[in-house]
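Taken in order, these protein sequences are the chains called X and A. Per my numbering, numbering of the first sequence is gapless, rising by one per residue and ending at 109. Per my numbering, numbering of the second sequence is gapless, rising by one per residue and ending at 289. First comes the structure, then the notes that go with it.
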Amino acid sequence: MNRGGKNLIILGVLSIAIAAATSTVSLYVYHKSGDIYLDCSLPEADCPSARSDSEENNRENTYSFSDSGNIDERALTEYLNEIQTPITMIQKLGKPFNDDALSDKSLGI
Amino acid sequence: MIKRKKLVIFACLAVFSFSMLPFFSTFAEESATTPKEKQDSISTKCSSIKQSLKRVQNSDKNTRVSLGSSFQTISNNFITPLNVRFLKNNQFNSDLNTTQTDYAEARTEFNQLFISYSQEFEELLNIDCVNNPDSFYHRLQSVRNKRTEVAKSVEELKSIIEKHVSTVKNLRNNPRSENE
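Following this line, the structure appears as structure tokens:
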């Protein structure tokens with residue numbers, strides 16, 4: 001093998017090593033920082049913002065109260081009506097993270 | 110003179126003992142052994158317990174995402190633009206401003222608590238429950254405590270939202286008295 005070929009192999013190995021090292025570091029940081037637990041792009045994360053199957057979800061994400069205009073009874077009534085959509089979404093979840101799911105009984109201990 | 114020295118030493122020891130009490134109680138809680146029947150149950154049903162825990166973990170992820178999305182919508186699409194609109198109309202309402210700050214802090218806390226809970230949960234799943242049922246059960250207790258903290262932070266956010274809605278209702282019904 002000539003010198004150029006050897007250099008090319010060294011360059012390839014070095015590139016792979018650097019890529020592997022930087023990927024490992026970034027994955028470590030991603031995991032350690034806790035972002036992995038909040039990431040909506042993960043396949044198992046059922047992010048409402050990423051779903052387009054529900055009209056209610058779309059409405060929740062598209063409506064925004066205008067930051068300009070008068071402050072009067074009509075505007076505040078509209079505000080109170082519209083804010084009910086995300087509030088209802090929260091209420092639908094009941095009492096999230098309740099103790100029952102991890103009780104000895106439900107785990108069969 | 111010797112009596113005085115003894116008295117000082119005794120006082121120091123008493124103060125030291127009292128100051129160490131909280132640490133001893135924490136240590137006692139952590140080192141309390143899991144009842145034998147629970148340890149046996151964990152060892153024999155290890156696989157099914159882990160399956161149940163994984164189901165809870167996935168369900169929690171989805172709940173967090175749904176809650177996080179709704180909390181974000183309320184902040185970005187409602188609370189913030191409303192406060193901006195008040196400012197543009199040269200109106201100031203201290204309750205609305207306080208709500209915005211409290212809400213932002215509560216959201217940050219919710220995210221941090223959820224991360225901490227998830228990390229603890231993952232460590233629980235990594236424990237070999239067949240051979241280490243005692244440490245598995247202790248970690249499970251710790252995960253439960255973290256879960257309770259997450260649940261409390263959700264309730265805190267809900268109560269801030271309720272308070273905000275009630276403030277806006279008051280503003281609508283009594284516009285003059287609320288605007289400063």
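Each residue gets a CB set at the ideal place from its N, CA and C atoms; glycine is no exception. Bear in mind the structure is a predicted one, so any value in this text is a computation, not a measurement.
Residue i burial status per 10 Å Cβ neighbour count (16 or more: buried)
{"i": "alanine 21 of chain X", "result": "exposed"}
{"i": "proline 144 of chain A", "result": "exposed"}
{"i": "arginine 164 of chain A", "result": "exposed"}
{"i": "leucine 11 of chain X", "result": "exposed"}
{"i": "arginine 3 of chain X", "result": "exposed"}
{"i": "asparagine 202 of chain A", "result": "buried"}
{"i": "valine 25 of chain X", "result": "exposed"}
{"i": "threonine 85 of chain X", "result": "buried"}
{"i": "isoleucine 71 of chain X", "result": "buried"}
{"i": "tyrosine 226 of chain A", "result": "buried"}
{"i": "isoleucine 270 of chain A", "result": "buried"}
{"i": "serine 178 of chain A", "result": "buried"}
{"i": "histidine 31 of chain X", "result": "exposed"}
{"i": "alanine 215 of chain A", "result": "buried"}
{"i": "leucine 205 of chain A", "result": "buried"}
{"i": "leucine 176 of chain A", "result": "buried"}
{"i": "serine 15 of chain X", "result": "exposed"}
{"i": "arginine 194 of chain A", "result": "buried"}
{"i": "valine 29 of chain X", "result": "exposed"}
{"i": "lysine 197 of chain A", "result": "exposed"}
Coil, strand or helix - residue i by DSSP
{"i": "valine 239 of chain A", "result": "coil"}
{"i": "tyrosine 63 of chain X", "result": "coil"}
{"i": "aspartate 72 of chain X", "result": "coil"}
{"i": "asparagine 171 of chain A", "result": "helix"}
{"i": "serine 150 of chain A", "result": "helix"}
{"i": "lysine 92 of chain X", "result": "helix"}
{"i": "glycine 108 of chain X", "result": "coil"}
{"i": "asparagine 7 of chain X", "result": "helix"}
{"i": "glycine 34 of chain X", "result": "coil"}
{"i": "threonine 85 of chain X", "result": "helix"}
{"i": "serine 103 of chain X", "result": "coil"}
{"i": "aspartate 204 of chain A", "result": "helix"}
{"i": "proline 144 of chain A", "result": "coil"}
{"i": "asparagine 192 of chain A", "result": "helix"}
{"i": "phenylalanine 180 of chain A", "result": "helix"}
{"i": "serine 134 of chain A", "result": "Its pLDDT being 47, under 50, serine 134 of chain A is placed unreliably by the model, and the measurement read from it follows with that caveat. Three-state result, serine 134 of chain A: helix."}
{"i": "phenylalanine 219 of chain A", "result": "helix"}
{"i": "phenylalanine 187 of chain A", "result": "helix"}
{"i": "aspartate 211 of chain A", "result": "helix"}
{"i": "phenylalanine 230 of chain A", "result": "helix"}
{"i": "phenylalanine 245 of chain A", "result": "helix"}
{"i": "asparagine 254 of chain A", "result": "helix"}
{"i": "asparagine 198 of chain A", "result": "coil"}
{"i": "asparagine 98 of chain X", "result": "coil"}
{"i": "asparagine 283 of chain A", "result": "coil"}
Under 9 Å by beta carbon: chain A residues contacting residue i
{"i": "glutamate 73 of chain X", "result": "Arg281, Asn282, Pro284"}
{"i": "asparagine 70 of chain X", "result": "Arg194, Asn198"}
Cross-chain neighbours of residue i in chain X, by beta carbon under 7 Å
{"i": "glutamine 228 of chain A", "result": "Gly34"}
{"i": "isoleucine 151 of chain A", "result": "Ile109"}
{"i": "proline 190 of chain A", "result": "Ser64, Phe65, Ser66, Asp67"}
{"i": "isoleucine 270 of chain A", "result": "Ile87"}
{"i": "threonine 257 of chain A", "result": "Asp99"}
{"i": "lysine 154 of chain A", "result": "Gly108"}
Beta-carbon neighbours of residue i, restricted to chain X and to distances below 9 Å
{"i": "threonine 172 of chain A", "result": "Leu93, Pro96, Phe97"}
{"i": "serine 302 of chain A", "result": "Because residue 302 of chain A is not part of the residues shown, which for chain A are 110 to 289, the question remains open."}
Chain-ordered neighbours of residue i on chain A, where CB pairs are closer than 7 Å
{"i": "tyrosine 28 of chain X", "result": "Ordered by position in chain A, no residue passes the 7 Å Cβ test against tyrosine 28 of chain X, which lies about 14 Å from the chain."}
{"i": "alanine 101 of chain X", "result": "Val165"}
Interface residues of chain X facing residue i [CB-CB closer than 8 Å]
{"i": "threonine 276 of chain A", "result": "Neighbours of threonine 276 of chain A on chain X: none; closest Cβ ~10 Å, over 8 Å."}
{"i": "serine 201 of chain A", "result": "Correcting the residue identity first, residue 201 of chain A is phenylalanine in this sequence and not serine. Chain X residues near phenylalanine 201 of chain A: none, gap ~11 Å exceeds 8 Å."}
{"i": "lysine 267 of chain A", "result": "Ile90"}
{"i": "lysine 147 of chain A", "result": "Asp104, Ile109"}
Contact set between residue i and chain A, taken where Cβ atoms lie within less than 8 Å
{"i": "threonine 77 of chain X", "result": "Arg281"}
- Query: Along the stretch 234–247 of chain A, what residues have a CB closer than 9 Å to any CB found in chain X?
  - Reply: Tyr246
- Task: Residues of the stretch 203–223 of chain A with a CB closer than 9 Å to any CB of chain D: list them in chain order, please.
- Result: Protein chains in the displayed structure are X and A, and chain D is not among them.
- Query: How do the stretch 206–220 of chain A and the stretch 244–257 of chain A stand: do at least 3 beta-carbon pairs fall below 8 Å, yes or no?
  - Reply: By the C-beta criterion, the stretch 206–220 of chain A is judged not to be in contact with the stretch 244–257 of chain A, since fewer than 3 inter-stretch pairs fall below 8 Å.
- Decide if the stretch 219–235 of chain A is in contact with the stretch 147–157 of chain A; the criterion is three or more beta carbon pairs, one per stretch, under 8 Å apart. No: fewer than three Cβ pairs fall under 8 Å.
- Query: For the 8 Å Cβ check, are there 3 or more pairs between the stretch 174–187 of chain A and the stretch 89–101 of chain X?
  - Reply: yes
- Query: Taking any Cβ of chain A, which residues in the stretch 2–19 of chain X have a Cβ under 7 Å from it, in chain order?
  - Reply: none
- Query: In chain order, what residues of the stretch 160–185 of chain A put their CB closer than 8 Å to some CB of chain X?
  - Reply: Ser161, Leu162, Val165, Asn167, Ser168, Asp169, Lys170, Asn171, Thr172, Arg173, Val174, Ser175, Leu176, Gly177, Ser178, Ser179, Phe180, Thr182, Ile183, Asn185
- Query: Taking three-plus beta-carbon pairs below 8 Å as touching, is the stretch 73–82 of chain X in contact with the stretch 269–281 of chain A?
  - Reply: Per the Cβ contact rule, the stretch 73–82 of chain X is in contact with the stretch 269–281 of chain A (3 or more Cβ pairs under 8 Å).
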